[in-house]
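All remarks here apply to the structure that follows.
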Amino acid sequence: MVLLQILSTPEFLFLVFLLILFIIIFARAAIKRVYEYERLVVFRLGKYLGEKGPGLVVIIPIIDTVKKVDLRERFIQVTKQTCITKDNAPVDVDFLIYYRVLSASDSVLRVQSFEGAAVGIGTTTLRAVIGDILLDEVLAKRETINQILRSKLDEVTSRWGVKITNVEIREIIPPKQVQDAMILQMSAERNRRALITEADGKKTAAITIAEGEKQATILRAEGERQAAILKAEGFALALDTIFKVAKQLDTNTLTLQYFETLKALAQSPSTKFIFPMEFTSLLTPIQEFVRRATQINK
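If you count the sequence shown from 1, you need to add 268 to reach this note's numbering.
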């Protein structure tokens, strides 16, 4: 009965509540949940104990202290930095640094603030790189500058257990007078390309027209050649026909036909006669015919 009275007193219940609360707080402080992409760097009484995780990690509260490190790839944004090129032209440059922690313990033990150190080294390296090249090369060789920055940063950060995966220049802003000159240059380049395109179009059109005229000339010549061939063949056929018919006629018939032709020519008042050399030979049969007729009448 006395024990039950003690257990039921408010003071005892308050003590039980405090004990349960202490256990909950102790458990939350002693048990840490570590994800796959995280590691815990554990220190016991200030001395490095090791890396823990992933999973549930049990530590001793108050005695142990932990530093959680993210192993995923992350980036640092470096704001605009004014750099001077080799030809003394000021340019504003901002860039991103992508990195990934390879050793959680080194990133905690060897550098106080990696991100701040990376920004400082990146800015110094950027100014040194741009100071060695001309403005035109800065504007044209952005990828080369990225590679140089990444290489130099990686050399420094490797001892911190950090890998620089990439450096990306976001924007390069030259002076205003340089921007105006670039705008004029781009306008002139566009005009030049337009003129070249127009000239190429005219050239292509002229070539097409000339090619068409060439084909038309070839076709006309081919047609004329075919017409001449057909005309010659027709003329040859006509001559052959005349020759065959002439072979079947005797001398008297030819002579009579010759005179009929001369008679037709004589009907024109302006006709001039030119007698060929063979005309006397054509009269010989007629003279012979008249002579025989005279002898018969006698």
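The beta carbon of each residue, even a glycine, is placed where N, CA and C say it ideally should be.
Tell me the DSSP bridge mates of residue i?
i: Q345; result: L364
i: I352; result: P358
i: D374; result: DSSP, once it has assigned bridges, lists no residue as partnering D374.
Mind checking if residue i is an interface residue toward chain D, Cβ cutoff 8 Å exclusive?
i: N414; result: Any reference to chain D falls outside this structure, which holds one protein chain only.
Going by C-alpha to C-alpha distance, which of the options sits closest to residue i?
i: Y316; options: R307, Y303, A357 and D332; result: D332
i: F294; options: P329, V310 and F311; result: P329
i: V430; options: A484, V397, R342 and D404; result: R342
i: K335; options: V302, L487 and E436; result: V302
i: A357; options: K444, T465, T509 and K300; result: K444
i: Y367; options: K499, F382, E492 and D355; result: F382
i: A394; options: D374, K471 and I416; result: The identity of residue 394 in the sequence shown is Leu, whereas the question assumes Ala. Nearest option by C-alpha distance: I416.
i: I344; options: E501, T465 and T433; result: T433
i: A372; options: G502, A467 and R340; result: R340
Could you spell out the range, first to last residue, of the alpha helix (DSSP H) harbouring residue i?
i: E279; result: P278 to A298
i: T391; result: F382 to I398
i: L324; result: Per DSSP, L324 belongs to no alpha helix (DSSP H); it is in the beta strand (DSSP E), G323 to V326.
i: R307; result: It is not in any alpha helix (DSSP H) - R307 instead sits in the beta strand (DSSP E) that spans E306 to R312.
i: V424; result: R410 to T425
If you follow the beta strand (DSSP E) that residue i is part of, which residue opens it and which one closes it?
i: I440; result: V430 to I441
i: K315; result: K315 to K320
i: V379; result: First-last for V379: undefined, no H or E at that position.
Tell me which same chain residues have a C-beta within less than 8 Å of the C-beta of residue i, skipping the five on either side of it?
i: R438; result: D362, F363 and L364
i: A298; result: V326, I327, I328 and P329
i: R410; result: I437 and I440
i: D338; result: Y305, E306 and V369
Grab me the residues of residue i's own chain with a C-beta within less than 7 Å of its C-beta, minus the 5 sequence neighbours each way, in chain order.
i: I352; result: P358 and G399
i: G323; result: V302
Apart from the five residues on each side of it in sequence, which residues of its chain come closer than 6 Å, Cβ to Cβ, to residue i?
i: F282; result: none
i: D422; result: I432
- Query: Is it a yes or a no for the segment 415-430 touching the segment 375-386, going by three-plus beta-carbon pairs under 8 Å?
  - Reply: yes
- Message: If contact is defined by three or more beta carbon pairs under 8 Å, each pair taking one atom from either stretch, is the segment 390-397 in contact with the segment 453-471?
- Response: no
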